[in-house]
Each structure stands twice: as structure tokens, then as C-alpha cells.
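J.: Got a structure here, written out as C-alpha cells. Questions coming.
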Ligand SMILES: CC(C)(COP(=O)(O)OP(=O)(O)OC[C@H]1O[C@@H](n2cnc3c(N)ncnc32)[C@H](O)[C@@H]1OP(=O)(O)O)[C@@H](O)C(=O)NCCC(=O)NCCS
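Numbering (the working numbering), first residue to last: 8 to 195.
Okay, here's the thing in C-alpha cells:
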């Protein structure tokens, strides 16, 4: 079951729980200072990266007006997060427009395919549509999971371009324009 602090969300019913499948209510909420360390630890473990300056990066989202990070928590643990940031033209990649970009959604492997990333993305879209009429995101052209996740929420591909960030050497820029069916419609 997934609950959100602000607003309601629709999702498919949870699958049958088998032994070893994690249980608990998942809450989606803006990152709080108290969860920064847990989010950094989660990122380091799941993405297999060094923490680096992630703590400072995450904490800076809390106070910033043009950025926000949302976490998914179950049993008081961070089990996923996603970020959103207002970027200038060319900041996400050369040739990209200025606007609000979703980035860095990641979910604990044991919790995947249960709607957690969808809920994190809906929360971020509500936030974006409180500020602007369009949301963008860039993903590797080979990141099928991410492309499917965003397409299911209505994102449309705008263009592809060569990129050194992606293993496949190509990135996709996608956009969602606010409509009556979008999360957060009518909040501005
Ligand atoms: C991508 C990721 C965030 C998805 O998280 P999730 O909580 O499992 O996603 P959801 O359960 O909300 O899935 C929503 C839809 O996305 C698509 N999707 C999710 N994982 C998928 C996969 N492995 N393969 C294909 N499609 C996938 C499906 O359409 C899915 O709907 P369905 O389960 O009804 O078929 C997760 O796999 C992850 O953390 N991956 C590693 C980090 C990453 O690649 N992040 C994206 C960077 S832009």
C-alpha cells in the first residue's frame, strides 16, 4: 500500500506477498533533514557509488526554491527517492530547453514493480505543475525501465541526441505538458 503526504494517488493493487517480499505502507514525502543520512546510505548501497558530496546535494534541495527531492519510506527506512530541479537551457544537455527536469529516480530492488517510482514521479509532477506547465526528463535510450515508467505517465519523446553519460551513447529528452488528467492540475 502506498500513501502520500499530500494528495492521493492511484496505483494498481499490490501483488500477492510472498515470503521475503517486503511489507509495509510506503509513504511519499519531501526529503527532511532527518532523512538525509538514510538517503545517502541508500544511494551508496543501491547505486554502488561512494557517498561523495551527496549529503550536501540532498540537503541543499530542502531549502532551495527551484529544486525538490522526494523520498519513499517504508518502516521508517528510505526505499527510494527522486529529484526535480529547475534548469537553464543547455544545462541538462546541449540543446535542451530551460524548465523543470525530473532526475535520479531510484528504488530499492526488493521494492521494484510495486508502483514506488510511479508514486515518486506523480509527487514530483504535482510539485512541477505548481511552478510550470511542462515537465522534462532525460534518460539513456537504453534505460527501458525509465522510458516505460515515464511514458506510462504521459511523457512524449521530443528528441534523441548523442551522449557520453549513457552506456549506449544516446539520450532521450521527453516532455509532459500539463493537462486536466495530470497530477496537480489546477493547483496554480
Ligand atoms: C527504474 C526504476 C526507478 C523503476 O522503479 P519501480 O518502483 O520498479 O517502478 P514502478 O513499479 O513504478 O513501475 C512503473 C512502470 O515502469 C515500467 N518499468 C519499471 N521497471 C521496469 C523494468 N525493469 N523493465 C521494463 N519496464 C519497467 C513498467 O511499465 C512499470 O509498470 P508495470 O509494473 O505495471 O509493468 C527502478 O527500476 C530503478 O531504481 N532502477 C535503477 C535506477 C534507474 O535506472 N533509474 C532511472 C534513471 S532516469
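Virtual Cβ for every residue (Gly too), placed ideally from N, Cα, C.
(1) Is the distance from the Cβ of residue 77 to the Cβ of residue 109 below 8 Å?
(2) Just to check, is the beta-carbon of residue 55 closer than 7 Å to a non-hydrogen atom of ligand 1?
(3) Looking at ligand 1, does it come within less than 7 Å of residue 100, judged from the CB to the closest heavy atom?
(4) Return yes when the C-beta of residue 151 is under 7 Å from any heavy atom of ligand 1, and no when it is not.
(5) Roughly how many angstroms separate the alpha carbons of residue 179 and residue 124, rounded to a whole number?
(6) May I ask you to check if the CB of residue 113 is nearer than 7 Å to at least one heavy atom of ligand 1?
(7) Shorter than 7 Å, the distance from the beta carbon of residue 148 to the closest heavy atom of ligand 1, or not?
(8) On the three-state DSSP scale, how would you describe residue 37?
(9) Can you find a heavy atom of ligand 1 that lies under 7 Å from the Cβ of residue 91?
(10) Residues in the same chain with beta-carbon distance under 7 Å from residue 191, minus the five sequence neighbours each way, listed in chain order, please.
(11) For residue 75 and residue 37, I'd like the C-alpha separation in whole angstroms.
(12) Where in the region 72-147 do unbroken runs of the beta strand (DSSP E), each at least 3 residues long, occur, reported from the N-terminal end onward?
(13) Kindly identify the DSSP beta-bridge partner or partners of residue 167.
(14) Determine the direct distance from the alpha carbon of residue 163 to that of residue 188, and round the result to whole angstroms.
(15) Taking 6 Å as the limit between beta carbons, can you name the residues of its chain near residue 183, skipping five residues before and five after?
(16) According to the Cβ coordinates, are residue 111 and residue 149 closer than 8 Å?
(17) Which residue's Cα is closest to the Cα of residue 173: 46, 153, 185 and 96?
T.: So, from the listed chains and residues:
(1) Translated into positions along the chain shown, residue 77 becomes position 70. Translated into positions along the chain shown, residue 109 becomes position 102. Their beta carbons are not under 8 Å apart, which means residue 77 does not touch residue 109 by this criterion.
(2) The residue you call residue 55 lines up with position 48 of the chain shown. Flag unset: Cβ of residue 55 not near ligand 1.
(3) Here residue 100 corresponds to residue number 93 of the chain shown, with the count starting at 1. No, since every heavy atom of ligand 1 falls outside the 7 Å radius drawn around the Cβ of residue 100.
(4) Numbered from 1 along the chain shown, position 144 holds the residue referred to as residue 151. True, at least one ligand heavy atom lies under 7 Å from that Cβ.
(5) For the purposes of this step, residue 179 is taken as residue 172 along the chain shown, with counting starting at 1. For the purposes of this step, residue 124 is taken as residue 117 along the chain shown, with counting starting at 1. Distance between the alpha carbons of residue 179 and residue 124 is about 19 Å.
(6) For the purposes of this step, residue 113 is identified with residue 106 of the chain shown, where counting begins at 1. Answer for residue 113: yes, Cβ within range of ligand 1.
(7) On the chain shown, position 141 is the one that residue 148 refers to. Checking the Cβ of residue 148 against ligand 1 gives no.
(8) For the purposes of this step, residue 37 is identified with residue 30 of the chain shown, where counting begins at 1. Residue 37 falls in the strand class under three-state DSSP.
(9) On the chain shown, residue 91 is found 84 positions in, with the first residue counted as 1. No.
(10) Start at 1 with the first residue of the chain shown, and residue 191 comes out as number 184. Only 132, 133, 136 and 137 meet the Cβ criterion.
(11) Residue mapping note: residue 75 aligns to position 68 of the chain shown, counting from 1. Residue mapping note: residue 37 aligns to position 30 of the chain shown, counting from 1. So the alpha carbons of these two residues sit roughly 7 Å apart.
(12) 74-81, 84-94, 106-114 and 141-147
(13) Translated into positions along the chain shown, residue 167 becomes position 160. According to DSSP, which records beta bridges pairwise, residue 167 is partnered with 179.
(14) As a first step, residue 188 is located in the chain shown; it is residue number 181 there, counting from the start. As a first step, residue 163 is located in the chain shown; it is residue number 156 there, counting from the start. Roughly 15 Å separates the two Cα atoms.
(15) Against the chain shown, residue 183 aligns to sequence position 176. Closer than 6 Å at the Cβ level, and outside the excluded window around residue 183, lie 142, 161 and 162.
(16) Along the chain shown, one-based indexing puts residue 111 at 104. Along the chain shown, one-based indexing puts residue 149 at 142. Contact: no.
(17) For this step, residue 173 is matched to residue 166 along the chain shown. Nearest C-alpha to residue 173: 153.
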